[in-house]
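A.B. asks: Dropping a structure here in C-alpha cells format, bear with me for questions.
In UniProt numbering, the protein residues as written are 1 to 219.
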C-alpha cells in the first residue's frame, strides 16, 4: 500500500530490498511518525524526507513508485528521497504513477557501487561526485553544465525552461527534479529505467493497487 515519510535504518548487515509506493500527498499524523531529529539526522531544517533509507554494511535495492495527482491544478512541491550506505551497494529505480511529481534524490555510498535508474520524465540537474558513468541516452537529452575535479553536472531535459525565453515568471511555478550522487570510493551508473527493462507491465499492477487504495480513502 502507498506510504509517506518512510524511514528505515539498518545498522547491521541487513539489506533493504523492496518495492515501495510513495504518495507525497498522504497525510500521516505526527504521533505515528518517528521524532523529527531522529528520522532526519542530516536535515538541518527538520523537514521530513518522504523517503530515508540507510544501511551500514547491507545493500539497498529499491523500486520507488511516486504517486502523482493528474487532476490537481496545484503545482506539487518536490518530494525528497535520501539513500545512503556506508559499506553496501545502492540500486534505485524511480517511476511515476498517474502524473509527474518532481523529486530530489540524494544517493551516497562510501564504498559500494551505485546504480540509479531515472524515468524519462526526469527534468532537472544531475550532479555526480567522483567515478560515474552516465548512459549515452541520458547524455543525448542533456545540456552539459560543467566538469571539475571529481564532479560532473548536467541538466537533463529541455533547458529552455531555465534559459532564454523560458526564463521568467513561469519559472517560479516550476520546481525541477534534482539528482545528486556521491560515489565515495565506489563507482556509479546512471541510466533511464527503460534502458534496463520494460516497466509497463509492473506499472499496471502498481497503478491497480494505488487505485484500490484511493477508493478506500474516499469512502
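Don't be surprised by glycine CBs; every beta carbon is placed ideally from N, CA and C.
Remember, it's a predicted structure, so these values are computed and weren't measured experimentally.
Could you tell me the alpha carbon to alpha carbon distance between residue 149 and residue 131, rounded to whole angstroms?
C.D. replies: Indexing the chain shown from 1 puts residue 149 at position 149. Indexing the chain shown from 1 puts residue 131 at position 131. Approximately 10 Å between the Cα atoms of the pair.
A.B. asks: Assuming the contact rule is C-beta atoms closer than 8 Å, residue 103 and residue 156 should be a hit. Round their C-beta distance to whole Å, please.
C.D. replies: Reading the chain shown from its first residue, position 103 is the one you call residue 103. Reading the chain shown from its first residue, position 156 is the one you call residue 156. With 8 Å as the limit, residue 103 and residue 156 do not qualify as a contact, their Cβ atoms being about 13 Å apart.
A.B. asks: Are residue 91 and residue 115 closer than 7 Å when you measure CB to CB?
C.D. replies: For the purposes of this step, residue 91 is taken as the residue at position 91 of the chain shown. For the purposes of this step, residue 115 is taken as the residue at position 115 of the chain shown. In this structure, residue 115 lies closer than 7 Å to residue 91 by Cβ.
A.B. asks: Assuming residue 81 and residue 56 form a contact by the criterion Cβ under 8 Å, report the distance between their Cβ atoms to the nearest whole angstrom.
C.D. replies: Taking the chain shown and counting its residues from 1, the one referred to as residue 81 is at position 81. Taking the chain shown and counting its residues from 1, the one referred to as residue 56 is at position 56. With 8 Å as the limit, residue 81 and residue 56 do not qualify as a contact, their Cβ atoms being about 19 Å apart.
A.B. asks: Closer than 6 Å to a non-hydrogen atom of the ligand HEM - does that hold for the CB of residue 32?
C.D. replies: The ligand HEM is absent from the structure shown, which contains no ligand whatsoever.
A.B. asks: Tell me where the alpha helix (DSSP H) around residue 47 begins and ends.
C.D. replies: Your numbering for residue 47 matches position 47 in the chain shown. Unbroken run through residue 47: none, as it is neither H nor E.
A.B. asks: Taking the alpha carbon of residue 79 as the point to measure from, which residue in 177, 125, 20 and 109 has its own alpha carbon closest?
C.D. replies: Against the chain shown, residue 79 aligns to sequence position 79. When only C-alpha atoms are compared, the closest one is 177.
A.B. asks: In the DSSP output, which residue or residues are listed as bridge partners for residue 78?
C.D. replies: As a position in the chain shown, residue 78 is number 78, starting the count at 1. Looking at the DSSP assignment, residue 78 forms no beta bridge with any residue, so it has no partner.
A.B. asks: Closest to residue 23 by C-alpha separation, out of 29, 30, 33 and 3, would be which residue?
C.D. replies: Sequence index remark: in the chain shown, residue 23 carries index 23 (1-based). Checking every option, the nearest Cα to that of residue 23 belongs to 3.
A.B. asks: Using a Cβ-Cβ cutoff of less than 7 Å, which residues in the same chain neighbour residue 138 once the five nearest sequence positions on both sides are dropped?
C.D. replies: Position 138 of the chain shown holds residue 138. Excluding positions up to five away in sequence, the list reads 156, 190, 191 and 192.
A.B. asks: Who are the Cβ neighbours of residue 15 in its own chain at under 6 Å, not counting the five residues just before and after it?
C.D. replies: Taking the first residue of the chain shown as position 1, residue 15 is located at position 15. Excluding positions up to five away in sequence, the list reads 58 and 59.
A.B. asks: Can you check whether the CB of residue 187 is closer than 7 Å to the CB of residue 113?
C.D. replies: Taking the chain shown and counting its residues from 1, one reaches residue 113 at position 113. Taking the chain shown and counting its residues from 1, one reaches residue 187 at position 187. Contact: yes.
A.B. asks: For residue 52, is the classification buried or exposed, using 16 other Cβ atoms within 10 angstroms of its Cβ as the cut-off for buried?
C.D. replies: Sequence index remark: in the chain shown, residue 52 carries index 52 (1-based). By the neighbour-count rule (16 or more Cβ atoms within 10 Å), residue 52 is buried.
A.B. asks: Grouping DSSP H, G and I as helix and E and B as strand, with all else coil, what is residue 160?
C.D. replies: Position 160 of the chain shown, counting from 1, holds the residue named residue 160. In this structure, residue 160 counts as helix in the three-state DSSP scheme.
A.B. asks: So residue 140 is in the alpha helix (DSSP H); what residue range does that whole segment cover?
C.D. replies: Along the chain shown, read from residue 1 onward, the residue named residue 140 stands at position 140. Element bounds for residue 140: 136–140.
A.B. asks: Mind checking which residues open and close the beta strand (DSSP E) that includes residue 128?
C.D. replies: Along the chain shown, one-based indexing puts residue 128 at 128. It spans 124–129 - the beta strand (DSSP E) in which residue 128 sits, taken as one unbroken run.
A.B. asks: Provide the residue span of the beta strand (DSSP E) that contains residue 16, from first to last.
C.D. replies: Looking up residue 16 in the chain shown gives position 16. Counting along the chain, the beta strand (DSSP E) containing residue 16 begins and ends at 16–22.
A.B. asks: Tell me the residue span of the beta strand (DSSP E) that contains residue 177.
C.D. replies: Counted from its first residue, the chain shown places residue 177 at position 177. Looking at the DSSP string, the run of the beta strand (DSSP E) that includes residue 177 is 177–182.
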